[in-house]
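In the numbering used here, the protein residues as written are 82 to 1001.
From the three backbone atoms N, C-alpha and C, an ideal C-beta is built for every residue, glycine too.
These figures come from a predicted structure and were not determined experimentally.
The next block holds one structure in the form of structure tokens; read it before the comments.
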């Protein structure tokens, strides 16, 4: 037994000794253990790596490292696989790797940072600083470092290689060198090649930081620079686009189109590309693109022959021409780098198109949504974009990389990181090789920078509230297997320091609210989500309270207080401000979104589906003459959801004046005047009846009452709606009210609260409730311009909005009309190849008749500009009006490849209370 113990101890000692020997000390008590080796042939990337290591090692430990041209007394060796004297065993691991790859190896008392290229060496230095010394670069001028008098590295023998070959941020909105911002990008191993060819004096700067495959030239100017109008327009007008019988040309590159069928234009472009290749070699990729304009493409007969036989097809014309020019260029320079844009109106892969497999496709994701994953089957925008992307993948180009447009939406402190993480995993699975996003830099050449509060969207301010997105993107485009939650926690914990405990809760809450919001987010259709996020009761106050806590934790730390001040500004401007403007509307739209998952009615209200509910909290007292709203009323809130057959309500009531009875009143607005009431007490007893006759409904109501941890009473309810005599389908418009009653006691008086203080018998005042998603906008006319009383989304002729019985209605005078173009982009009513059955529902009163017509349109986006064709209008019915309002339903089939408008015409005038559309 004793012998066994001795052996065990010996083994432990030996293992400890081996471990100690495997570690490498770079700095001991502020003194470097050697120099930094740079070969006499070192390139700018290696030299920059040495400078960055010197700077940050000094900042961390006060150690002053010197560079040496002999490895003997050095503790760090910086080199590439082409550096003389580097052993083969240090080169071999990088064989076949990407150009930005690097090896980190501790060997014989030295740290070897070996890059596949000079950029790899620089990235290796940044890898050591970030992965082992915890340096973080948040934004230009703001970073995180730790203080260590002694720096010891673990045993290292690892190759780092980026998953995505392109991880590019493209400077936009303002030109100029923006040196500090480009250094920040490189430190995060993001590529920013913007301006790399503009100033020869900056060549070494870009050589150090940008790999050869990243720099491209051409794009929107691909033909303009090859065949400039300043040189050729007078002598060879036939080189330029024929538009309406003229060789139209205003010499501005944004809309300078050429005659792509002209053989000489093709040859001049090929010659131009050859000149660039002779000057730069494979350092530069030539990117084929066209002017960023849908107008003024050539109309000559030969160009039209490049299109599809039966229609204008700019994508086919463009890609056929590009492949012809590429063939000329590859014949001269087989190893040249060529990219082709699949962009906007030439993104659709032409039928039967083949491309040279040496060429890369640069796919631009205009029109996608960043609130949803790219592979979300329920997001029609992304289904469309992903389908087109997969078609390009199928033709097997050399590589496909992406040009994303979240920044153009714009990103305004928007938490897109979780979707980005999911998308990058999908892209890798699809074989996509690169990702690019636009970016605006604060140190670019801005003429005048306004204060943030005066113009928060100014490009100079954008990185201040978008840096986090790019910091996460930098980590995940290098390695999408990283867990986004851990990446976020790492960055935020270092950024917020001692305020992190509160700010973690703050941002977790913000991200959760955003993720469970509704609507899409993306260029060119903007942000349809953020304004409604803060409708969830209590979220606003929770966020503000957490910011207050964070400021208390920051104490007198000036840096943290400055950062928290910025976050407060961003919250106020981008979230509170948008929500305030939505709430300021007389009757902000209320809908019952479709539940995303099953709801169990148990009184807990903790099913994930409730995170996606539409929340309202506009309760006011109707029982006290002394007050119109109380704190108790303000603390009551309602979440609403729907599915194909049911409405769901989650009602949270204030614990101090506990609600012991509630009523939900639902009015379908039918001719019979029937409506429905659910009465529920605190014991869970439910009474579901039709009014005014008091008929009990046979449907089974599910209801449960519970209590939250903070003593709020919870009413969770499922109402089966198919047995009602109202229209219960996606897009249908009802009216509703919720009334909460508290019994009171000796200290708290009895209170009755309702939505906006509306009484149960004031049906004409009930707010509107859209089931699912509205298919026609502002169908209850609740949102209108208070100056001219014109309803949003509607065009009135001889009509205006008036308030009748406390609810808006459109009043048409004689020969008056109301019209709306139902341009439901990518929605169920959008132009589509298939026919669609719809029902148009109108509630109106008056004398004479109200004529209902459907307007028919077809949009052609394939040409040089949008071509909209109007087709004959279809009368679909009429309402014989009476003094009492009538609701009528009209069926219609939207024809293939059409979208519609709706027109209501009243020869003798009419009062229109509501209009809605449902699908069959």
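DSSP-derived helix/strand/coil call for residue i
i, result
"residue 253", "coil"
"residue 380", "coil"
"residue 997", "strand"
"residue 848", "coil"
"residue 288", "helix"
"residue 547", "helix"
"residue 336", "helix"
"residue 355", "helix"
"residue 862", "coil"
"residue 938", "strand"
"residue 463", "helix"
"residue 294", "coil"
"residue 906", "coil"
"residue 175", "helix"
"residue 471", "helix"
"residue 875", "coil"
"residue 361", "helix"
"residue 320", "helix"
"residue 804", "coil"
"residue 115", "coil"
"residue 400", "helix"
"residue 494", "coil"
Residue i versus residue j: straight-line alpha-carbon distance, rounded
i, j, result
"residue 260", "residue 673", "50 Å"
"residue 881", "residue 872", "8 Å"
"residue 603", "residue 609", "9 Å"
"residue 994", "residue 911", "25 Å"
"residue 1005", "residue 106", "Outside the modelled stretch of the chain, which goes from 82 to 1001, sits residue 1005, for which no answer is possible."
"residue 568", "residue 759", "48 Å"
"residue 434", "residue 398", "11 Å"
"residue 97", "residue 496", "Residue confidence for residue 97 is low, a pLDDT of 38 falling below 50, so the modelled location carries little weight; the figure read from the coordinates is stated next. Answer to the nearest angstrom: the Cα atoms are 46 Å apart."
"residue 839", "residue 703", "7 Å"
"residue 713", "residue 821", "With a pLDDT of only 43 at residue 713, under 50, the local geometry of the prediction cannot be trusted, and no value is derived from it."
"residue 709", "residue 727", "Note on residue 709: pLDDT 41, under 50, position unreliable in the model; the coordinate value appears next. Distance between the alpha carbons of residue 709 and residue 727: 33 Å."
"residue 101", "residue 190", "With a pLDDT of only 41 at residue 101, under the threshold of 50, the placement of this residue in the model should not be trusted; the figure read from the coordinates follows. Spanning the two alpha carbons is a distance of roughly 12 Å."
"residue 627", "residue 421", "49 Å"
"residue 294", "residue 180", "9 Å"
"residue 655", "residue 476", "42 Å"
"residue 809", "residue 725", "8 Å"
"residue 531", "residue 540", "10 Å"
"residue 164", "residue 472", "43 Å"
"residue 307", "residue 322", "15 Å"
"residue 908", "residue 461", "7 Å"
"residue 998", "residue 875", "15 Å"
Enclosing beta strand (DSSP E) for residue i [first to last residue]
i, result
"residue 734", "727–734"
"residue 660", "First-last for residue 660: 658–665, but that is the alpha helix (DSSP H), not the beta strand (DSSP E)."
"residue 126", "Taken as a continuous stretch (DSSP letters only), residue 126 belongs to no beta strand (DSSP E), being part of the alpha helix (DSSP H) at 125–142."
"residue 900", "888–903"
"residue 109", "105–109"
Supposed contact pair residue j and residue i - C-beta distance, whole angstroms, cut 8 Å
i, j, result
"residue 250", "residue 551", "6 Å"
"residue 479", "residue 463", "So it is not a contact: roughly 25 Å between Cβ atoms."
"residue 885", "residue 996", "Going by Cβ atoms, the distance from residue 885 to residue 996 rounds to 15 Å, so no, they are not a contact pair."
"residue 888", "residue 934", "Between residue 934 and residue 888 the Cβ distance is about 25 Å, and since that is not below 8 Å, they are no contact."
"residue 928", "residue 967", "Residue 928 to residue 967, Cβ: 12 Å. No contact."
"residue 365", "residue 298", "6 Å"
"residue 769", "residue 786", "With a Cβ gap of about 16 Å, residue 769 and residue 786 do not count as contacting."
"residue 720", "residue 795", "The pair is not a contact, with the Cβ atoms about 10 Å apart (cut-off 8 Å)."
Residue i: CB within 7 Å of a non-hydrogen atom of the ligand COA
i, result
"residue 251", "You won't find the ligand COA in this model; it holds no ligand whatsoever."
Residue i, enclosing alpha helix (DSSP H) - first and last residue
i, result
"residue 508", "498–511"
"residue 620", "620–635"
"residue 265", "260–268"
"residue 701", "Counting along the chain, residue 701 falls outside any alpha helix (DSSP H), though it belongs to the beta strand (DSSP E) covering 700–702."
"residue 641", "639–651"
"residue 311", "310–313"
Length at least 4, wholly inside the segment 404–431: the alpha helix (DSSP H) runs in chain order: none
Secondary structure, beta strand (DSSP E): runs of 3+ residues fully inside the segment 428–461: 441–445
Any alpha helix (DSSP H) of 4 or more consecutive residues that is wholly inside the segment 527–613: 540–559, 565–577 and 581–596
Minimum length 3: unbroken beta strand (DSSP E) runs contained in the segment 198–230: 217–220 and 223–225
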